[in-house]
Each structure stands twice: as C-alpha cells, then as structure tokens.
Amino acid sequence: MFGFGLLFTIGGLVSCFNGISIMNSAQSQLLNAAANAGLNSGDDSGIIYLVGGIIAIILGVMLIVASRNDNINNKHYNNSESNRHSDDKIRTSSTESVEYSYKQMTDNLIKTFGLFKNGIYEEQDYNNKKKIWIDKLKKVDYSDYESEFLNEILPIIKDGGLSSDDLKCIKYIISGSYENDRYQKQQENFQQQQEIHRKEHEEFIKQTKATTIIGFNKIKEISITGFYRLKKVSIKTFNNAFNFIKNNKKIVLIVLSLIILLTVGILIKGNKYSIKNGQGNYTSANGDIYVGEYKDDEKNGQGTYTYVNGNIYVGEFKDDNINGQGTLTTLNGDVYVGEFKDDEKNGQGTYTDANGDIYIGEFKDDKMNGQGTCTYANGDIYVGEWRDSIISGQGKCTYSNGAIYVGEFKNNLKNGQGTYTYANGNIYIGEWKDDKMNGQGTLTMPDGTKNVGEFKDDTYIGN
-12 MFGFGLLFTI GGLVSCFNGI SIMNSAQSQL LNAAANAGLN SGDDSGIIYL VGGIIAIILG
48 VMLIVASRND NINNKHYNNS ESNRHSDDKI RTSSTESVEY SYKQMTDNLI KTFGLFKNGI
108 YEEQDYNNKK KIWIDKLKKV DYSDYESEFL NEILPIIKDG GLSSDDLKCI KYIISGSYEN
168 DRYQKQQENF QQQQEIHRKE HEEFIKQTKA TTIIGFNKIK EISITGFYRL KKVSIKTFNN
228 AFNFIKNNKK IVLIVLSLII LLTVGILIKG NKYSIKNGQG NYTSANGDIY VGEYKDDEKN
288 GQGTYTYVNG NIYVGEFKDD NINGQGTLTT LNGDVYVGEF KDDEKNGQGT YTDANGDIYI
348 GEFKDDKMNG QGTCTYANGD IYVGEWRDSI ISGQGKCTYS NGAIYVGEFK NNLKNGQGTY
408 TYANGNIYIG EWKDDKMNGQ GTLTMPDGTK NVGEFKDDTY IGN
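Below, the structure is given as structure tokens:
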C-alpha cells in the first residue's frame, strides 16, 4: 500500500508540473480564445494534466497514511502475539513436566549428595553438579509443590549439603518468584516498546497533516480556475461523443463487443497464471514466511519456513505440508534433523536440545516413540524403548560413573525386573520400583557375599 501511495504522489506531482507548463505556454493564446468563447487544445490539455495530478496527489497521501497505520498496528499485534505464545508455551511445557520431574529432581540431588558423602565425588564435582541441578529447577514450575519439595531435600540441608545461599536460591525458584519476576520484566519491556511506537506514530501523523495542509492550500489556488475550464471542456467532449455514437451505432456495437471479448480473455489468462508454480514466497496472516518451490498452488519441493515464534524449518514439502527430510531449529536452540510427515516429526531422526542432550532414533506423532539412543550432557547413555518422549519399556542405561542398568523402565525410572552393576563391582538382580530396589532380589558383592530376599527403597530387609 505504501508503494502505491508513493507512486500516485510522484505521478501527481509530475502531472501538475506538466499541466502548469502547458498552460504557461498557451497563456498568449488564451487572450484570443476568450473573445471566441472557446479554448484551444493546448489549454485543455494543461487543465486535464493539472486536475488529474491533484487527484493523484490526494490519493497518494491517503494511501501513505493508511499504510503507516497498518504497519504500526501489525507490528504491535505481532509483538503481543509472539510474547503471549512464547509465555504460554513455556508455562504449558513446565506444567506438563512437573508430574514426573518433581520426584526425579529430588532423587537426583539426594543420590549426588550420597555419592559425595561416600567419597565418590570430590567437593568441586559435587558443587558443579549442584549448580547444574539448581539451574534445571528454573525450567519447571514448582509453586504447587513447594512444601513437599523442601521436605524431600531436608536431609541434605541438615547434613550441610546445601548452603544458606543455595537454600535461598531454591526457595526463590520453586516458590514461583523467579518465573513471575522474569515474566514481569518481559511485560515492562513490551509496554516501553509500545509507548515508543505510539509516540513515533503520533509524530508522523502530525508531520503528515502539516505537509498535506500546505500542499492543499497551494493546489487550491490553481484548481479553482481549472475546475471551471474542465467543466466547459467536459460538456463539449460529451456532446461530441454523444453525436458520434448516435451517427455510428453499428461501429460502436462492434467495438464494444470486441472490448468485452478481449476483457474476458485477459481474465481467463490471468487466472491461469495466478496459480503458483516454481519458486515463490508467501507470508501468512499470522506472520509466518515461506520461501521455496510450488506446484499447483501448493508448497511442494524444497523450501524454508520461518515461524513467527522464531522457529525455522528447512527441507522438503509435499501437498502444502512439511513432508520428507528436513531440519527444524527452534528459537531456544533445539535442533531436529530427520523425517517429517504432515508437519510433525515422524520416522528416523536426530534431536539435539539446548542442554546438549542428543537423541537418535524413531519418532511418531512429533514425539520420541520406539527404539532410540539418548546421550546426555552429563555422560549417561540410554539405549532402548521410548513412549511419547518418555523412557518406558526395555532398555540399557550406562551411567557416567561406570554403573550399568539393564532391564525395564517406566516414566523415565527403573521399574520392573532389572540388573544393576555398580561401579564398585556390586551386582543387584531383581525387582525395581520408582528407580529403587523394591521387592525380591539378589545383591552380590565382589567377595562373593550375597543378600538374597526382600529389598525396600534400596535397603536389604531380609528373607
């Protein structure tokens, strides 16, 4: 719209200058024309150029102002929508993960502190893992679990595994204050940007109005005289045209028929070429941008799709959807390379998240499903079954400390029958529940000593 407005304005100015020039050159002839009660052709052309230019300038200014309003409104809308979608996505993701992460997070810290107390971890190693653990808390909303969470880590606090500063930081995160402060800061920044855009818009409107008023006053002086001359020319032209049509009816009918046929042909041809084929680009109503190949007016072939939330997909399209091999990079740094079907991850693929965890295996319905291998940033490696992006089924986990577990998993935890070989040589074969030895089992020490019988929460009870 801005381009059309600028084109109309420039064209109008050129037309006005041409009209004034023609009228000046015909000034001497106007004196004679006044006595004859008519106008010469040069004077008529000057008036037409002038009035047409005035109309074009008015339309151009109106289009430029309208374009400015649309751009500012769209910018405000896209910013607010992007922030809202981003916040909704973060909060939704956090809420879905609390169900299994709450217990897992506390168990991980308790195990890490236990390894530190037993001398397996040095103090520096423990402090580093504790720092990583605290950082991970920021990704989950614990506001509804604050008291339960603190009770779970109470033994570590009593044993001195967490400093007062650590405890303050943990309370600040799980109480929801960290998330609320971060969200509040985003809102303040957004409101500041809105205020800046509003002031810019008001200044632009003010300047445009002032410029338009000056231009209209200049043009008004010329247009008053031109209007009356144009009126006389129009009446004369209309009368001549009416007399011509009256005297040449057959010729007029033939010409009108040809014009109608030509117009219909142009419309049909234009509709044919309006269907996109080959290279092209498209911007959706919500701000998503596609650049790539088309076939029969649909996205087909190689292309790049940039989402309004910052995610970018590069790869194959078919039947207007993401289908085939491609790469999806999210705004937070996660990268997926592999197969897609109907805009979702389906088939073999590799997923690398921002934390450095790497999953290689099967996907279905946009989630990890089937056989897959995940190499975690801390050095742990899991090979086995996945269901809806959760470790469930038969698998093998090799831990960074040298321990190995082979057996059943459920909800990312050891559950069912399994064998755990400790780094110190101990071997447990038996039942597991919620990541701990629970039920019947046999624990064999390196010296051959065995504990056979009932276990509960990793503790041997007896026969």
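In our numbering, the protein residues as written are -12 to 450. Backbone N, C-alpha and C define an ideal beta-carbon position, used for all residues, glycine too. None of the values given here were measured: they were computed from a predicted structure.
| C-alpha distance - Asn95 paired with Glu182, whole-angstrom precision | 46 Å
| message | Could you tell me the alpha carbon to alpha carbon distance between Trp419 and Tyr409, rounded to whole angstroms? | response | 15 Å
| Going straight from the alpha carbon of Tyr36 to that of Cys3, what length do you get? | 6 Å
| message | Between the alpha carbons of Gly(-10) and Ile44, how many angstroms are there, rounded? | response | 13 Å
| alpha helix (DSSP H) segment containing Lys155, residue limits | 151 to 161
| query | Roughly how many whole angstroms lie between the Cα atoms of Tyr280 and Gln289? | reply | The sequence given here places Glu at residue 280; Tyr does not occur at that position. About 6 Å.
| said: Using the three-state DSSP reduction, which class does Asn402 fall into: helix, strand or coil? | reply: strand
| message | Out of Phe350, Gly366, Asn365, which one is the CA nearest neighbour of Gly359? | response | Phe350
| said: Rounded to whole angstroms, what is the Cα-Cα separation between Ile121 and Asn105? | reply: 22 Å
| Roughly how many angstroms lie between the CA atoms of Ile232 and Ile238, to the nearest whole one? | 8 Å
| query | To the nearest angstrom, how far is it from the Cα of Asp367 to the Cα of Leu400? | reply | 14 Å
| Cβ-heavy atom distance, Trp419 to the ligand FMN, below 7 Å | Among the ligands in the structure shown, none appear at all, so the ligand FMN cannot be discussed.
| query | Assuming Asp307 contacts Glu331 under a Cβ cut-off of 8 Å, what Cβ separation, rounded to an integer in Å, is found between them? | reply | Rounded, the Cβ-Cβ distance is 15 Å, inconsistent with contact.
| message | Just verifying my parser: in three-state terms, what is the DSSP assignment at Met49? | response | helix
| field | Where the beta strand (DSSP E) through Ile448 begins and ends | value | 446 to 449
| task | Can you give me the Cβ contacts of Val322 inside the same chain, cut-off strictly under 6 Å, excluding the 5 residues immediately before and after it? | result | Thr316, Thr339
| task | Verify whether the separation of the beta carbon atoms of Leu149 and Ile143 is less than 8 Å. | result | yes
| request: Give the range of the alpha helix (DSSP H) segment to which Leu141 is assigned. | output: 141 to 145
| Same chain, Cβ closer than 6 Å to Met92, neighbours up to 5 away in sequence not counted | none
| message | Distance check for Tyr292 and Ser67, CA to CA, integer angstroms please. | response | Its pLDDT being 48, under 50, Ser67 is placed unreliably by the model, and the measurement read from it follows with that caveat. So the two alpha carbons sit approximately 21 Å from each other.
| request: Whole angstroms is fine: what's the gap from Leu102's alpha carbon to Asp152's? | output: 22 Å
| Helix, strand or coil for Leu318 per DSSP? | coil
| query | Can you check whether the CB of Gly343 is closer than 8 Å to the CB of Ala364? | reply | yes
| DSSP three-state call for Lys282: helix, strand or coil? | strand
| If you draw a straight line from the C-alpha of Gly380 to the C-alpha of Gly357, how long is it? | 9 Å
| message | Quick check: Leu430 and Lys423, are their CB atoms within less than 8 Å of each other? | response | no
| Should Met355 go down as buried or exposed, given a rule of 16 or more other Cβ atoms within 10 Å for buried? | buried
| field | Cβ pair Asp444, Asn425 closer than 8 Å | value | yes
| field | Reference Gly313; option with closest CA among Leu(-7), Gly302, Gly320 | value | Gly302
| message | Quick check for students: name the residue ranges of the beta strand (DSSP E) that lie wholly in the region 177 to 257, counting only runs of 3 or more. | response | none
| Are Gly371 and Phe396 closer than 8 Å when you measure CB to CB? | yes
| message | In this structure, how does DSSP classify Ser8 when only helix, strand and coil are distinguished? | response | helix
| Cβ-based burial, Lys223 [other Cβ within 10 Å; buried from 16] | exposed
| Secondary structure of Val439, DSSP reduced to three states | strand
| By how many angstroms is the C-alpha of Glu190 removed from the C-alpha of His184? | 10 Å
| query | What residue range is occupied by the uninterrupted beta strand (DSSP E) comprising Gly417? | reply | 414 to 420
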